[in-house]
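Q:
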Amino acid sequence: MNKMKITDVKVNRRRVNLHTPFKTALRTVTEIESIDVYIHTDEGIVGKGAAAATPVITGDFANGIEEAILGPMRSSLIGQDIIQFQQLLQHIQVSCIGNPSAKAAVDIALYDVYCQYRNVPLYALLGGKKEIHTDITVSVDEPFIMAKEAKQHVEKGFQTLKIKVGKSAHLDLERIEAIRNSVPKNTTLRLDANQGWNPKEAVSIIKEMENRNLNIEFIEQPVHAKDWDGLKYVKDHVQTPIMADESIFSASDALKIVQGRYADLINIKLMKCGGIREAWRIADIAEAAGVKCMVGSMMESSLSVSAVAHLAAAHPNIHYFDLDAPLWLMEEPEGMTYSGSKVNLQSTVNSKS
């Protein structure tokens, strides 16, 4: 194959408003700042990626993301041949300490360049394609408001709802019960506490949900991200599956989770782990241990969510999909479209065609 050299790496920062506020136990979001990355080549091919600053989870701020991309990451790529693709991915990971969001943005853009170079969609490069149906999130709010939103989502064709909880323990039960009573019985409900409970509180709340037969599919990150023992305590004392989210940033974290049996399930996000390459490794480790995975995203643009959608379509151990972030934004998705809950992938990571 012909050589193709990387000639430049550029960044564009832009703000995108949300249709409605996105509220969790950790934060309220009314707009995002997307740090878009463009990798240019001497053949005219441009690869695109993006990151979103989520300091409350990743510790990454927009200025730091931009500086990491235009500093050590750019330096490690200029003049390099895209045919050395795997080496370039590794160069990004070792170019600086931390900075997973910046690494994810550049990783996505490299995959986009390479897919265009090979003239294949990302899911084909990764080795497969299955149909994806995303859940949609119900922000934490008063019970009657959440119930109304849940009903509206179901009427639009969503069969799986991701319910944000963790703001107030006594209200969380009311929230879930109100939603369960407002939607058809076959609607799947999954919860995300975003670290909002302590271990004993989590066990008490979850057991009460079980006693009330609220039929919860699983619960994400009930306790603080660093409280691994607390996470295991919850898992061991309830019947509802527990998913690790903010506790998982890397393949080594995944290995710790499965070896210590700290959680039943794992949520993979590119902004946490640094890109597609590391996400694939996490899914492989979990698969070897019989632990199923979900893919999700921060509140971020479709430039990055489309990449994780291709990953989700290809990896056999990704069983759950939380890819609704672009539906919250006041811009048309790029690289993907939605038909109700179905996610439709386009030809390359971020192709308009």
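Yeah, the sequence shown ends on 1639 if you go by my numbering, and it's all consecutive.
Glycine included, C-beta positions come from ideal geometry on N, C-alpha and C.
Alpha carbon to alpha carbon, how far is residue 1382 from residue 1308? Give it in angstroms, no decimals.
A: Each residue's Cα considered, the two are about 31 Å apart.
Q: In the DSSP assignment, find the unbroken alpha helix (DSSP H) run with residue 1320 in it and report its ends.
A: It is not in any alpha helix (DSSP H) - residue 1320 instead sits in the beta strand (DSSP E) that spans 1314-1327.
Q: Residue 1607 by DSSP, collapsed to three states: which one?
A: DSSP places residue 1607 in strand when its eight states are reduced to three.
Q: Leaving out five residues before and five after residue 1573 in sequence, what residues of the same chain have Cβ atoms less than 6 Å from its Cβ?
A: Within the same chain, residue 1573 has close Cβ partners 1603.
Q: Is residue 1349 buried or exposed, if buried means 16 or more other CB atoms sit within 10 Å of its CB?
A: Per the 10 Å Cβ criterion, exposed.
Q: Contact between the region 1406-1425 and the region 1587-1607: three or more CB pairs below 8 Å?
A: Flag = yes, the region 1406-1425 and the region 1587-1607 touch.
Q: With DSSP as the reference, label residue 1639 as helix, strand or coil.
A: In this prediction, residue 1639 has a pLDDT of 34, which is less than 50 and means its spatial position is unreliable; what the coordinates show is noted afterwards. If DSSP states are grouped into helix, strand and coil, residue 1639 belongs with coil.
Q: At least one CB of chain B closer than 7 Å to the CB of residue 1352: is that the case?
A: Looking at the structure shown, chain B is missing, and only one protein chain is on hand.
Q: By DSSP, does residue 1274 sit in helix, in strand, or in coil?
A: Residue 1274 is absent from the structure shown; the chain starts at 1287 and stops at 1639.
Q: What residue range does the beta strand (DSSP E) around residue 1625 cover?
A: Unbroken beta strand (DSSP E) run through residue 1625: 1622-1625.
Q: Can you check DSSP and say which residues form a bridge with residue 1476?
A: Residue 1476 pairs with 1448.
Q: Tell me the rounded alpha-carbon separation between residue 1494 and residue 1471.
A: Those two C-alpha atoms are separated by around 19 Å.
Q: Quick one: give me the first and last residue of the beta strand (DSSP E) that residue 1458 is part of.
A: Taken as a continuous stretch (DSSP letters only), residue 1458 belongs to no beta strand (DSSP E), being part of the alpha helix (DSSP H) at 1455-1468.
Q: Residue 1527 to residue 1596, Cα distance in whole Å?
A: Approximately 26 Å between the Cα atoms of the pair.
Q: Between residue 1559 and residue 1569, is the Cβ-Cβ spacing less than 7 Å?
A: Result no, Cβ atoms of residue 1559 and residue 1569 do not sit closer than 7 Å.
Q: How about the region 1477-1494 and the region 1455-1468: do they share at least three Cβ pairs that are nearer than 8 Å?
A: Contact between the region 1477-1494 and the region 1455-1468 is present, because at least three Cβ pairs lie under 8 Å.
Q: Name the residue from 1296, 1290, 1319 whose alpha carbon lies nearest to the alpha carbon of residue 1588.
A: Of the listed residues, the one whose Cα sits closest to residue 1588 is 1319.
Q: Using the DSSP secondary-structure output, state which residues sit across from residue 1419 in a beta bridge.
A: Residue 1419 pairs with 1628.
Q: With C-beta atoms as the reference, is residue 1303 less than 7 Å away from residue 1616?
A: In this structure, residue 1616 lies closer than 7 Å to residue 1303 by Cβ.
Q: Flag this pair as touching only if the region 1432-1441 and the region 1395-1408 have three or more C-beta atom pairs under 8 Å; answer yes or no.
A: Touching, no.
Q: If you follow the beta strand (DSSP E) that residue 1602 is part of, which residue opens it and which one closes it?
A: Looking at the DSSP string, residue 1602 is not in any beta strand (DSSP E), and its letter there is neither H nor E.
Q: Would you kindly work out how many angstroms separate the C-alpha atoms of residue 1438 and residue 1315, rounded to a whole number?
A: Rounded to whole angstroms, residue 1438 to residue 1315 spans 21 Å at the Cα level.
Q: Cutting at 6 Å between CB atoms, please list the residues of its own chain near residue 1354, excluding the five before and the five after it.
A: Contacts found: 1382, 1385, 1388.
Q: Where do the ends of the beta strand (DSSP E) carrying residue 1581 lie?
A: 1579-1582 is the span of the beta strand (DSSP E), which, as asked, contains residue 1581.
Q: State the start and end residues of the unbroken beta strand (DSSP E) segment that holds residue 1429.
A: Segment 1429-1441 is the alpha helix (DSSP H) holding residue 1429; no beta strand (DSSP E) there.
Q: CB-CB under 6 Å to residue 1312, same chain, minus the five flanking residues each way: which ones, in chain order?
A: So the qualifying residues of the chain are 1342, 1480.
Q: Whose CA, out of 1614, 1590, 1565, lies closest to the CA of residue 1620?
A: The option with the nearest alpha carbon to residue 1620 is 1590.
Q: Report the residue from 1328, 1537, 1446 whose alpha carbon sits nearest the alpha carbon of residue 1469.
A: Of the listed residues, the one whose Cα sits closest to residue 1469 is 1446.
Q: Under 7 Å Cβ to Cβ from residue 1352, same chain only, skipping five residues before and after it: list those, please.
A: So the list reads 1297, 1299, 1321, once near-sequence residues are dropped.
Q: With distance defined between alpha-carbon atoms, name the residue in 1373, 1374, 1363, 1398 nearest to residue 1592.
A: Residue 1398 is the option with its Cα nearest to residue 1592.
Q: By how many angstroms is the C-alpha of residue 1364 removed from the C-alpha of residue 1425?
A: Cα to Cα, residue 1425 sits roughly 42 Å from residue 1364.
Q: Since residue 1641 is in the alpha helix (DSSP H), which residue starts that stretch and which ends it?
A: The displayed coordinates of the chain run from 1287 to 1639. Any statement about residue 1641 would go beyond what the structure contains.
Q: Check this for me: beta carbons of residue 1516 and residue 1509, under 7 Å apart or not?
A: For residue 1516 and residue 1509, yes; Cβs fall inside 7 Å.
Q: Would you kindly report the start and end of the unbroken alpha helix (DSSP H) that includes residue 1334?
A: Element bounds for residue 1334: not the alpha helix (DSSP H) but the beta strand (DSSP E), 1332-1338.
Q: Under the three-state reduction of DSSP, which class applies to residue 1562: helix, strand or coil?
A: Note: residue 1562 maps to helix in three-state DSSP.
Q: Flag this pair as yes or no: are the beta carbons of residue 1357 and residue 1394 separated by less than 7 Å?
A: No; because the gap between Cβ atoms is not below 7 Å, this pair is not in contact.
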